[in-house]
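Peer 1:
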Amino acid sequence: MVFDYLQQTPAAFLAAVGVLGLLMGSFLNVVILRLPRMLEREWRSQCQELLGASAPVPDQHFDLLWPPSACPHCQRRIRPWENIPLLSYLLLRGRCRGCGGRISLRYPLIEALTAVLSVYVAWHFGFGAQALTALALTWGLIALSVIDLDHQLLPDNLTLPLLWLGLLLSLGEVFVDPRASIIGAVAGYLSLWLVYHGFRLLTGKEGMGYGDFKLLAMLGAWLGWQALPVIILLSSLVGALVGIAMILLLGRDRNIPIPFGPYLAAAGWLALLWGDRLTDAYLRMTGL
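If you read the sequence shown in the numbering used here, its first letter stands for residue 21, the second for the next number, and so on.
This is the structure we're talking about:
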């Protein structure tokens with residue numbers, strides 16, 4: 021059996037996960053590019069319906085699978101052999117075969133990042149349910165982070181299914197028990213909700229979006245309420261340092277909001293792998 025072989029041969033297991041990570045990275049590129057457009061179309065249609073206006077007929081069906089991938093410059097359809105993760109980019113030297121237009125370096129970087137993180141997760145947890153589910157969370161966090169960087173948006177289409185998955189996994193105590201998971205989801209949402217409204221009352225400004233509340237609730241469902249202090253501390257610290265550096269070094273306007281989702285996602289991923297160690301270090305640091 022294939023599963024028996026992978027379980028008994030760690031090198032083969034890691035190699036298979038690496039290939040799977042490359043393929044998933046290619047798919048995540050599609051999700052990152054298309055999901056915000058799909059949501060924008062849906063929202064525009066809903067607004068026109070509420071206003072009683074007739075919605076324009078879309079030019080073509082548009083979702084994650086259709087139309088097939090095409091060059092953004094000349095619209096030439098990308099052939100399957102031109103869409104092999106990493107390899108095609110290297111063979112084409114980062115340019116479209118048809119028009120010679122440059123292909124964004126971000127596509128192979130996301131593919132490589134997804135593969136590297138996937139292999140590390142597989143090595144860390146070993147063959148089993150924890151590795152399989154941690155891969156799903158890792159892929160979701162990558163997509164959410166890049167979408168938030170691009171659009172300051174954390175789609176419910178990704179966050180909520182992962183939240184429910186985290187709650188369901190707690191029934192089997194894959195990472196935490198149901199009590200810790202449920203309290204983690206509630207506490208994760210309410211903690212940032214309270215910060216948001218407190219900041220708004222004091223300054224009259226909105227410091228973050230509701231998507232951040234749901235993302236922390238999702239991480240609480242997966243990792244339990246015990247991981248929340250570390251996640252909040254790490255994400256806030258790194259976010260503040262990056263924000264200050266961008267203002268001082270790049271001259272970024274301090275009134276322009278900085279997406280908080282990527283920092284929450286990164287802190288959550290670190291807590292997924294080293295949550296107990298990070299929590300112990302936090303308790304020692306605070307003297308609790």
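Glycine included, C-beta positions come from ideal geometry on N, C-alpha and C.
What number of angstroms, rounded off, separates the C-alpha of residue 244 from the C-alpha of residue 205?
Peer 2: In the sequence shown, the residue the question calls residue 244 occupies position 224. In the sequence shown, the residue the question calls residue 205 occupies position 185. Each residue's alpha carbon lies about 8 Å from the other.
Peer 1: Are the Cβ atoms of residue 289 and residue 158 separated by less than 8 Å?
Peer 2: For the purposes of this step, residue 289 is taken as the residue at position 269 of the sequence shown. For the purposes of this step, residue 158 is taken as the residue at position 138 of the sequence shown. A contact, by the Cβ cut-off of 8 Å.
Peer 1: How do the segment 233 to 244 and the segment 202 to 220 stand: do at least 3 beta-carbon pairs fall below 8 Å, yes or no?
Peer 2: Yes: at least three Cβ pairs fall under 8 Å.
Peer 1: Buried or exposed, going by whether 16 or more other CB atoms sit within 10 Å of the CB of residue 225?
Peer 2: Position 205 of the sequence shown, counted from the first residue, corresponds to residue 225. By the 10 Å Cβ count, residue 225 comes out exposed.
Peer 1: Under 6 Å Cβ to Cβ from residue 119, same chain only, skipping five residues before and after it: list those, please.
Peer 2: Indexing the sequence shown from 1 puts residue 119 at position 99. Here the set comprises 93 and 94.
Peer 1: Is residue 99 helix, strand or coil by DSSP?
Peer 2: Taking the sequence shown and counting its residues from 1, one reaches residue 99 at position 79. Correct three-state label for residue 99: coil.
Peer 1: To the nearest whole angstrom, what separates the beta carbons of residue 102 and residue 117, a pair I think is in contact under 8 Å?
Peer 2: Residue 102 sits at position 82 when you count from the first residue of the sequence shown. Residue 117 sits at position 97 when you count from the first residue of the sequence shown. At roughly 6 Å, the Cβ-Cβ gap stays under 8 Å, so residue 102 and residue 117 are in contact.
Peer 1: Relative to the ligand SAM, is the shortest distance from any of its heavy atoms to the C-beta of residue 297 smaller than 7 Å?
Peer 2: For the ligand SAM, the structure offers nothing, since it holds no ligand at all.
Peer 1: Exposed or buried, which one is residue 134 when buried takes at least 16 other CB atoms within 10 Å?
Peer 2: By 1-based counting over the sequence shown, the position of residue 134 is 114. It is buried - the Cβ of residue 134 has at least 16 other Cβ atoms within 10 Å.
Peer 1: Which one of 166, 53 and 199 has the shortest CA to CA distance from residue 282?
Peer 2: Sequence index remark: in the sequence shown, residue 282 carries index 262 (1-based). Cα-wise, what sits closest to residue 282 is 166.
Peer 1: Measure the CB-CB distance between residue 299 and residue 247 and report whether it falls below 8 Å.
Peer 2: Here the question's residue 299 lines up with position 279 in the sequence shown. Here the question's residue 247 lines up with position 227 in the sequence shown. Contact flag set, yes.
Peer 1: Just the Cα atoms here: how many angstroms apart are residue 150 and residue 44?
Peer 2: Within the sequence shown, the letter at position 130 stands for residue 150. Within the sequence shown, the letter at position 24 stands for residue 44. Between residue 150 and residue 44, the C-alpha separation is close to 18 Å.
Peer 1: Please report the distance separating the alpha-carbon of residue 312 from that of residue 47.
Peer 2: For residue 312 there is no data in the structure shown, the boundaries of the chain being 21 and 308.
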